[in-house]
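Following my numbering, the numbering of the sequence shown begins with 28 at its first residue and continues without gaps.
All residues carry an ideal CB built from backbone N, CA and C; glycine is no exception.
As the structure is a prediction and not an experimental result, all values here were calculated from the model.
Okay, structure first, notes after.
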Amino acid sequence: MPTHATPPRLLADQQTEAFDVEYVIPQLWALIEPYLAARLGGPSRFLDIGGGNGVFTDRVMDAFPQSEGVIVEPSQTLRERNLPRPSKTLVPGTFQAAAFDPERRFDVIFFNWVLHHFVADTYGQTQGLQLQGLMDARNLLTADGIVVVFENYYPGLLIDDLPSRIIYTLTASRLLKAFTQRLGANTAGVGVCFHSRTAWLRKVAQAGLQVEGTHPGYHYGTLSPTKRLLLHMGQAQVGAIIARRA
């Protein structure tokens, strides 16, 4: 059962509206489908952390009809947009506060662009919150279970993970909220904490997980060259990390 002394900061309902979309496009689904088929082809359970409106969970259950899906989601607005299904369970609240039966483990646990929202009052506490989230997920897996992490990779130009600290510092500051909102940060005043691919993989290993596969998705980015330079940021990329208990 996840337990934490450091509670995560939460986005306001109006901020969560920006995430009421489905990011797992067919190109990305194809990257993870073979791993899912090996675990969810028969009677099975999966956990969608921060599963929002449930569209992704429904997609998994449609593809693997014998699977049971559990969504943990703190936003009531997004939870209410879920379509009811007999084998879908909605858990209100954060993953950190959720109570799971240790006897009912999961074959797959999804972190779909959610780990970068595990933020706390300081950068150091945020790193601990992200690491603990992965460790808690590891402890909820079946023997052959996997964690699937979709994330944005923000590499540094010269110092690999420096954009992580810069972006966190700007977005987490309540004093700078109006400024970062004008720059387009929908997490302004709460914070967001991305990492480079190398840093995410290091965190996965620190959590006691063994990488089974890493898959690049696509490059993206709407920031101007000037903003990227100020953030010390190279070319951003979406990627998938699949890991199992070490």
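Worksheet item: Which term fits Pro-276, buried or exposed, when burial requires 16 or more other beta carbons within 10 angstroms of its beta carbon?
Response: With the chain represented from 28 up to 273, any question about residue 276 goes unanswered, as that position is not in the structure.
Discussion item. In the DSSP assignment, the beta strand (DSSP E) including Leu-117 goes from what residue to what residue?
Written reply: Your numbering for residue 117 matches position 90 in the sequence shown. Where Leu-117 is concerned, the enclosing beta strand (DSSP E) stretches over 115-119.
Discussion item. Taking the alpha carbon of Val-146 as the reference point, which residue from Arg-255, Val-51 and Ile-194 has its own alpha carbon closest?
Written reply: One-based indexing of the sequence shown puts residue 146 at position 119. When only C-alpha atoms are compared, the closest one is Ile-194.
Item to complete: On the DSSP bridge assignment, give the partners of His-242 in chain order.
Response: To locate residue 242, count along the sequence shown from 1; it is residue 215. For His-242, which the question treats as bridged, DSSP gives the partners Ala-267.
Practice prompt. Specify the secondary structure class of Tyr-181 as computed by DSSP and reduced to three states.
Written response: As a first step, residue 181 must be located in the sequence shown, where it is residue number 154. Assignment of Tyr-181 by DSSP, reduced to helix, strand and coil, places it in the coil class.
Worksheet item: In angstroms, rounded to a whole number, what distance separates the CA positions of Arg-132 and Ala-39?
Response: For the purposes of this step, residue 132 is taken as the residue at position 105 of the sequence shown. For the purposes of this step, residue 39 is taken as the residue at position 12 of the sequence shown. Going from the Cα of Arg-132 to the Cα of Ala-39 covers about 31 Å.
Worksheet item: Is the closest heavy atom of the ligand NAP to the C-beta of Leu-74 under 7 Å?
Response: No copy of the ligand NAP occurs in the structure displayed, which carries no ligand at all.
Discussion item. So if DSSP puts Met-88 in a beta bridge, which residue, or which two residues, is it bridged to?
Written reply: Residue numbering aside, residue 88 sits at position 61 when the sequence shown is read from its first letter. In the DSSP output, where bridge partners are listed per residue, Met-88 has none listed.
Discussion item. For the beta strand (DSSP E) containing Asn-139, name the first residue and the last one.
Written reply: Stepping through the sequence shown from its first residue, residue 139 is reached at position 112. Where Asn-139 is concerned, the enclosing beta strand (DSSP E) starts and stops at 133-139.
Item to complete: Please go through the same chain and pick out, in chain order, the residues whose beta-carbon is closer than 6 Å to the beta-carbon of Thr-153, but skip the five residues on each side of it.
Response: Sequence index remark: in the sequence shown, residue 153 carries index 126 (1-based). Contacts found: Val-146, Ala-147 and Cys-220.
Discussion item. So if DSSP puts Gln-237 in a beta bridge, which residue, or which two residues, is it bridged to?
Written reply: By 1-based counting over the sequence shown, the position of residue 237 is 210. The partner list for Gln-237 (beta bridge, DSSP) reads Arg-271.
Practice prompt. Give the DSSP-derived three-state secondary structure of Glu-60 in the structure shown.
Written response: Stepping through the sequence shown from its first residue, residue 60 is reached at position 33. Helix at Glu-60.
Item to complete: Please check the pair Ala-45 and Asn-213, which I expect to be a contact at CB under 8 Å, by giving their CB distance rounded to whole angstroms.
Response: In the sequence shown, residue 45 corresponds to position 18, counting from 1. In the sequence shown, residue 213 corresponds to position 186, counting from 1. About 5 Å separates the two Cβ atoms, so the contact holds.
Discussion item. Looking at the secondary structure, which residues open and close the beta strand (DSSP E) in which Ile-98 lies?
Written reply: Here residue 98 refers to the residue found at position 71 when the sequence shown is read from its first residue. Start and end: 94-100.
Worksheet item: Where does Tyr-180 land, buried or exposed, given buried means 16+ other C-beta within 10 angstroms?
Response: On the sequence shown, residue 180 is found 153 positions in, with the first residue counted as 1. So Tyr-180 ends up on the buried side.
Worksheet entry | Nearest to Pro-61 (by Cα), restricted to the options Ile-173, Leu-202 and Ala-232 | For the purposes of this step, residue 61 is identified with residue 34 of the sequence shown, where counting begins at 1. Cα-wise, what sits closest to Pro-61 is Ile-173.
Worksheet item: Near Gly-235, what residues of its chain come up, given a Cβ to Cβ distance below 8 Å and the 5 sequence neighbours on each side ignored?
Response: Mapped onto the sequence shown, residue 235 falls at position 208. Once the five neighbours on either side are set aside, the close Cβ partners of Gly-235 are Met-162, Arg-165, Arg-272 and Ala-273.
Worksheet item: Terminal residues of the continuous alpha helix (DSSP H) containing Leu-74?
Response: In the sequence shown, residue 74 corresponds to position 47, counting from 1. Premise fails: Leu-74 lies in the beta strand (DSSP E), 71-76, not in any alpha helix (DSSP H).
Practice prompt. Check whether the stretch 63-73 touches the stretch 247-265, counting contact only when three or more Cβ pairs, one atom from each stretch, lie closer than 8 Å.
Written response: no
Discussion item. Going by DSSP in three states, Val-176 sits in which element: helix, strand or coil?
Written reply: The count along the sequence shown starts at 1 and reaches residue 176 at position 149. Correct three-state label for Val-176: strand.
Worksheet item: If you count every other CB in all the chains shown that lies within 10 Å of the CB of Leu-105, and 16 or more means buried, which is it?
Response: In the sequence shown, the residue the question calls residue 105 occupies position 78. Counting Cβ neighbours within 10 Å, Leu-105 comes out buried, since at least 16 surround it.
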